[in-house]
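Data first, discussion second: the structure below is written as structure tokens.
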Amino acid sequence: MNFRWIPHVRRAPWLLGIILLGGCDLPRDPEGTLARVRQGVMRVGWSANSPWVESGGEVPAGTEADLVRAFARSLDARIEWRRDGEQELLADLEKYELDLVICGLTRETPWKKKVGLTRPYTPTGKQVLAVPPGENAWLVKLEYFLDHRETAPQ
Amino acid sequence: MNQNSSPRGFPDYQSCLGRACRLEWSTLGWMTSIILVMYFTMGSSQAMKTAWIEDLLALVPPLAFLMAERFHGRPPDRRFPWGYHRAAAVAFVAAASALALLGFYLLFSALSGLLSQEHPTIGLITVWGHSVWLGWVMMAALLYSALPPVILGRKKLPLARQLHDKTLYTDAAMNQADWMTALAGILGIGGLALGWWWADSLAAALIALDVTHGGVTKLGVSIREMMDETPTPLGKTEPDPIVARLREEVEKLAWVESAEVRLRELGRRLTGDIFIVPAEENGLLEKQSAVSEMAESLDWRLMDLTVMLVREPRGERTTPDSGG
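If you read the sequences in order, they're chains A and B.
At position 89 of the first sequence the residue is numbered 91 (the numbering used here), and the sequence of numbers has no breaks.
At position 224 of the second sequence the residue is numbered 252 (the numbering used here), and the sequence of numbers has no breaks.
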């Protein structure tokens, strides 16, 4: 039997993927977060956790806060900060009442089944940012930004 | 019969068996590679997880076949005077029960994902220095998981028919249907890419249904064999015509007034009893032993038949009517 066509078939999904990724804006968000935030308002919850999120009065400082500011700039979005406990923030994130939560969370958090997590944003660290569950376009946009940002955080 | 030779009437038996074993070994190899690929790409997709478990379970029939093959060749001994022909059926009852249970569990978890509106989160993965959405990689892995089983299944099916092996036949049939699992998974992930959060759980539920169906089917096949069901052709439920044919052949003998036959499956082989009401009483011993000789030349599967002489026909007819 002649199965020489198999390698070509196996290559097909890659080609398809590249075409789709370049052509349309896939994956999409079930709840439309990315489309709403772009040139709009990004609702970010924060909870102090030094050195990633430093308490600086009304708005946070620290590496994660800087990352979020740069990300918002890249999307032409205005940030609406909300300070609260980690528990409350992540619970609201799960209900799509926030778009992003920073609190020095690591990838081992038990919340990983309830909310979406980025990959660790430094090659050596474990820290991640949290996004609403299943907002895949939003997550991909953020992870892509974290991968390709100019200046690496300290 | 010498256990390492081919049955009379099926000289290619040993070479068919060798080919079947090699196919089952390569199934184990291919499935292991698929299981690894799926494991590293499944992420938080319920459909991928379910498809992965189905692939894991696809290892069971080849393992059962190969392990049973070890026992199959053993001659009967003091502890197991009927031999080891049913080793595969025993392995199958255990595996099929696990399969059916796991299917129900997977179905439950997919449906509860749908009910609680779980939105699967799938992010980027780095492939050779490029950031790619893991969903595309999942689709590629699913496509890869579809091809080898279908090809292996196509190769196993004719061997299963020749050997009349139910383990191999069920395995081949399941392999051949495996592309549907991959397709369901690909559609699920594709739906997710389009922003339909429910597509993934729905695909998972469909795959779980397939696992359950496979488990229940296999359980039925092996339990019916253990219940000494009359032989049936592969994949069918009506009686095998060999039973009626054997009775007709026996009744054609001049010294036989009437005959009754009951057969059961012993792995790939058939065994059973022939009850004969003789028309005359001279030289019965010689005639009796000639009957099993004649029977075994009818079909290679027949072996170790008991020929019993009875004074009058048994009350009920247990021989199925010939397929007319």
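Just so you know, even glycine gets a beta-carbon here, dropped at the ideal spot from N, CA and C.
is_contact[residue i, chain B] using C-beta, thresh 7 Å
| i | result |
| --- | --- |
| D149 (chain A) | yes |
| P53 (chain A) | no |
| D31 (chain A) | yes |
| V130 (chain A) | no |
| E110 (chain A) | no |
| P62 (chain A) | no |
| P135 (chain A) | yes |
| L28 (chain A) | yes |
| Y146 (chain A) | yes |
| V39 (chain A) | no |
| V142 (chain A) | yes |
Where residue i meets chain D, residues with beta-carbon distance less than 8 Å
| i | result |
| --- | --- |
| T120 (chain A) | Absence of chain D from the displayed structure is noted, the protein chains being A and B. |
Sub-7 Å separation of residue i and residue j beta-carbons
| i | j | result |
| --- | --- | --- |
| E110 (chain A) | L152 (chain B) | no |
| W328 (chain B) | G37 (chain B) | yes |
| V130 (chain A) | L141 (chain A) | no |
| L196 (chain B) | K183 (chain B) | no |
| R296 (chain B) | H158 (chain B) | no |
| A287 (chain B) | I270 (chain B) | no |
| W54 (chain A) | E66 (chain A) | yes |
| Q74 (chain B) | G181 (chain B) | no |
| A236 (chain B) | L135 (chain B) | yes |
| V165 (chain B) | T69 (chain B) | yes |
| P62 (chain A) | W48 (chain A) | yes |
| E293 (chain B) | P261 (chain B) | no |
| E90 (chain A) | V117 (chain A) | no |
| S72 (chain B) | P176 (chain B) | no |
| A92 (chain B) | A123 (chain B) | yes |
| A96 (chain B) | A115 (chain B) | yes |
| A79 (chain A) | M44 (chain A) | yes |
| V249 (chain B) | G131 (chain B) | no |
| T245 (chain B) | A79 (chain B) | no |
| A169 (chain B) | V65 (chain B) | yes |
| A323 (chain B) | L313 (chain B) | no |
| N51 (chain A) | G127 (chain A) | no |
| L298 (chain B) | L330 (chain B) | yes |
| A201 (chain B) | L234 (chain B) | no |
| C49 (chain B) | L187 (chain B) | no |
| V289 (chain B) | R275 (chain B) | yes |
| E56 (chain A) | Y98 (chain A) | no |
| D86 (chain A) | V39 (chain A) | no |
| A227 (chain B) | G242 (chain B) | no |
| P103 (chain B) | E52 (chain B) | no |
| I179 (chain B) | G163 (chain B) | no |
Chain A contact for residue i (CB, 7 Å cutoff)
| i | result |
| --- | --- |
| W161 (chain B) | yes |
| L185 (chain B) | no |
Residue(s) in a DSSP beta bridge with residue i
| i | result |
| --- | --- |
| T334 (chain B) | B:D301 |
| V46 (chain A) | A:W83, A:L102 |
| N51 (chain A) | A:V55 |
| V185 (chain A) | Not covered by the structure: residue 185 (chain A). The range shown for chain A is 3 to 156. |
| W161 (chain B) | B:L152 |
| A63 (chain A) | A:E56 |
| T108 (chain A) | A:Q129 |
Distance cut-off 6 Å: residue i Cβ against heavy atoms of the ligand NAD
| i | result |
| --- | --- |
| P103 (chain B) | Absent from the structure shown: the ligand NAD. Ligands present: none. |
Closer than 7 Å, Cβ to Cβ, to anything on chain A: give me those residues from the region 134-152 of chain B, in chain order. Listed by position, the residues of the region 134-152 of chain B near chain A (Cβ gap below 7 Å) are H147, P148, T149, I150, G151, L152.
Q | Start-end ranges of the beta strand (DSSP E) lying completely within the region 240-313 of chain B, minimum 3 residues | A | Whole beta strand (DSSP E) segments, 3+ residues: 284-294, 297-306.
Just to confirm the assignment: which complete alpha helix (DSSP H) runs, minimum length 4, are found wholly within the region 67-121 of chain B? As far as the region 67-121 of chain B is concerned, its whole alpha helix (DSSP H) runs of at least 4 residues are 74-85, 88-100.
For the region 215-236 of chain B, which residues have a CB atom closer than 8 Å to at least one CB atom of chain A, in sequence order? Cβ contacts with chain A come from L220, A221, L222, G223, W224, W225.
message = Short of 9 Å Cβ to Cβ, which residues in the region 67-97 of chain A face chain B?
response = Listed in sequence order: no entries.
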